[in-house]
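Chains as they are written, first to last, in my numbering: chain R, 13 to 195; chain F, 13 to 195. For every residue, glycine included, the Cβ atom is placed at its ideal position computed from N, Cα and C. Comments concern the structure below.
There are 2 protein chains.
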Amino acid sequence: MLSVSTSPYHHGDLRNALLRSARALLERSGEADLSLRSVARDAGVSSAAPYRHFADKDELLAALAAMGYRELTERFGSMPATDGALTDLVEGFLAFAEAEPGLFRLMFSYPCTRGDKEPARAGRAALEALQHQLPGFSEEALTGAWALGHGLAALIVHNQLSPGDDRREYVAAIIKAAAKASS
Amino acid sequence: MLSVSTSPYHHGDLRNALLRSARALLERSGEADLSLRSVARDAGVSSAAPYRHFADKDELLAALAAMGYRELTERFGSMPATDGALTDLVEGFLAFAEAEPGLFRLMFSYPCTRGDKEPARAGRAALEALQHQLPGFSEEALTGAWALGHGLAALIVHNQLSPGDDRREYVAAIIKAAAKASS
DNA sequence: TCGGCAATGTGAGCGTTGTCCACATTCTAA
DNA sequence: TTAGAATGTGGACAACGCTCACATTGCCGA
Numbered sequence: 013m014l015s016v017s018t019s020p021y022h023h024g025d026l027r028n029a030l031l032r033s034a035r036a037l038l039e040r041s042g043e044a045d046l047s048l049r050s051v052a053r054d055a056g057v058s059s060a061a062p063y064r065h066f067a068d069k070d071e072l073l074a075a076l077a078a079m080g081y082r083e084l085t086e087r088f089g090s091m092p093a094t095d096g097a098l099t100d101l102v103e104g105f106l107a108f109a110e111a112e113p114g115l116f117r118l119m120f121s122y123p124c125t126r127g128d129k130e131p132a133r134a135g136r137a138a139l140e141a142l143q144h145q146l147p148g149f150s151e152e153a154l155t156g157a158w159a160l161g162h163g164l165a166a167l168i169v170h171n172q173l174s175p176g177d178d179r180r181e182y183v184a185a186i187i188k189a190a191a192k193a194s195s
Numbered sequence: 013m014l015s016v017s018t019s020p021y022h023h024g025d026l027r028n029a030l031l032r033s034a035r036a037l038l039e040r041s042g043e044a045d046l047s048l049r050s051v052a053r054d055a056g057v058s059s060a061a062p063y064r065h066f067a068d069k070d071e072l073l074a075a076l077a078a079m080g081y082r083e084l085t086e087r088f089g090s091m092p093a094t095d096g097a098l099t100d101l102v103e104g105f106l107a108f109a110e111a112e113p114g115l116f117r118l119m120f121s122y123p124c125t126r127g128d129k130e131p132a133r134a135g136r137a138a139l140e141a142l143q144h145q146l147p148g149f150s151e152e153a154l155t156g157a158w159a160l161g162h163g164l165a166a167l168i169v170h171n172q173l174s175p176g177d178d179r180r181e182y183v184a185a186i187i188k189a190a191a192k193a194s195s
């Protein structure tokens, strides 16, 4: 056969291709329109193919969420442990949520009623990694910063809050105000 | 006719009945299994009936989320404006999320890309109501407490954190630690 | 009082989805 | 080389969101 580029029967790296497609579709069309079939279409395979790599749709989403947590951890990994680290931590959440709101929403709304699911583990791992990376801060302080970052980012992603021009300054102001009010 | 209790053709209060059914199913089976058809079944009507009261499924969920925000506001409405108000505020989130995790998740994961949707408005309204109820605190402090409450509750709902026996003390410790670390 | 219209409910049906199945193709190790 | 594991296909099924034409009921003006 001289046919130039008939796609081979076996894809070669379908699992990652599906994750990439899903991630792109998530940002482009939103979670509601993210069907397994559309992911398969985007990756150029049949609608049954994904089941060779993920038990069900949920498992694909879980892998995507876990991927997000790992990248969030990396982002924090390159953070200096200075005095403003907690502000940087919160600000990092906002930057992440702004860059990929779809993935952010998926990560933090994934229903993990059973604690053994992958995203829950990945989330805990991210929190624990943070404790290693910033040993100067107490566990409570880091948990608080994590929660504050998540909460602020969620408010912004959901259009209930819009920080001004300087996001970092805004975050610092909120932390300072809350700290003063609760002292 | 002597038939004792044939349900009448017209329900009478179907809209609220649907909301009640949806809310119950949300807690019992989770959001993934919450179909408009199952809500209709639970309310004892045909699967097309809900469309006389909600434009689509999304609108029902939006109404449910808005309802949640109103109840959250009420909860905070009866809060004394003492020194520990911010801790109470955060703790209120945790209590709400614990009581109805399904509704909590729906409220805070509802995709409001367009800012004019009802839940986004209800969320903003709740935040603004808080500023009226606790005039002694700055807007930044209240926003921070709101975000921290949301974030901590999400961590707990998603099984990534389990506070000890005394939740309020735990919250206070986190606020104090974060405040100290960022001072 | 009655007649008609708006409001509200029904059942059937369309297109899409998640998932499974039997089968086809390719890769790999013995 | 060849058997079996891995990976892909097309077709099917039930459930879903949603729409339509039609049925039933409540209510208001003549």
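Who are the Cβ neighbours of residue 127(F) in its own chain at under 6 angstroms, not counting the five residues just before and after it? Note on residue 127(F): pLDDT 44, under 50, position unreliable in the model; the coordinate value appears next. Excluding residues within five positions, none has a Cβ falling inside 6 angstroms.
Considering only the alpha carbon of each residue, which of 178(F), 154(F), 170(F) and 166(F) lies closest to residue 194(R)? Just measuring C-alpha positions, the residue of 178(F), 154(F), 170(F) and 166(F) sitting nearest residue 194(R) is 154(F).
For residue 179(R) and residue 25(F), the rounded distance between their alpha carbons: 47 angstroms
One question on the structure: do residue 114(F) and residue 39(F) come within less than 7 angstroms of each other, judged by their Cβ atoms? yes
Distance cutoff 7 angstroms, beta carbons only. Does residue 75(R) sit that close to anything in chain F? no
Take residue 27(F) as the anchor and find which of 90(F), 175(F), 145(F) and 60(F) has the nearest alpha-carbon. 60(F)
Any Cβ of chain F within less than 7 angstroms of the Cβ of residue 144(R)? no
Buried or exposed by the 16-neighbour rule on C-beta atoms within 10 Å, applied to residue 62(F): buried
What are the residues of the stretch 80-102 of chain F that lie near chain R, defined by any Cβ-Cβ distance shorter than 7 angstroms? 98 and 99
Inter-stretch contact at 8 angstroms, needing at least 3 Cβ pairs: the stretch 137-155 of chain F / the stretch 74-88 of chain F: Between the stretch 137-155 of chain F and the stretch 74-88 of chain F there are three or more C-beta pairs closer than 8 angstroms, enough to call the two in contact.
Among the residues of its own chain, which have a CB less than 6 angstroms from the CB of residue 29(R), if the five just before and after it don't count? 55
Might you give, ordered along the chain, the residues of its own chain that have their beta carbon closer than 6 angstroms to the beta carbon of residue 41(R), omitting 5 neighbours on each side? none
N- and C-terminal bounds of the alpha helix (DSSP H) containing residue 145(F): 130-145
Taking buried to mean at least 16 other C-beta atoms within 10 Å of its own C-beta, is residue 125(F) buried or exposed? Annotation note: pLDDT 49 at residue 125(F) (below 50); position unreliable, coordinate value reported separately. When all chains shown are included, residue 125(F) counts as exposed.
By the three-class DSSP mapping on this structure, what secondary structure does residue 162(F) have? helix
What is the rounded straight-line gap between the Cα of residue 172(F) and the Cα of residue 23(F)? 43 angstroms
Any Cβ of chain F within less than 7 angstroms of the Cβ of residue 152(R)? yes
Does the CB of residue 162(R) have a neighbour CB from chain F at under 7 angstroms? At least one chain F Cβ lies under 7 angstroms of residue 162(R).
I'd like the span of the alpha helix (DSSP H) that includes residue 91(F), first residue to last. Where residue 91(F) is concerned, there is no enclosing alpha helix (DSSP H), given that its DSSP letter is neither H nor E.
Residue 34(F) versus residue 45(F) - alpha carbon distance: Whole-angstrom Cα-Cα distance: 11 angstroms.
Between residue 134(F) and residue 67(F), is the Cβ-Cβ spacing less than 7 angstroms? no
Where the alpha helix (DSSP H) containing residue 177(R) begins and where it ends: First-last for residue 177(R): undefined, no H or E at that position.
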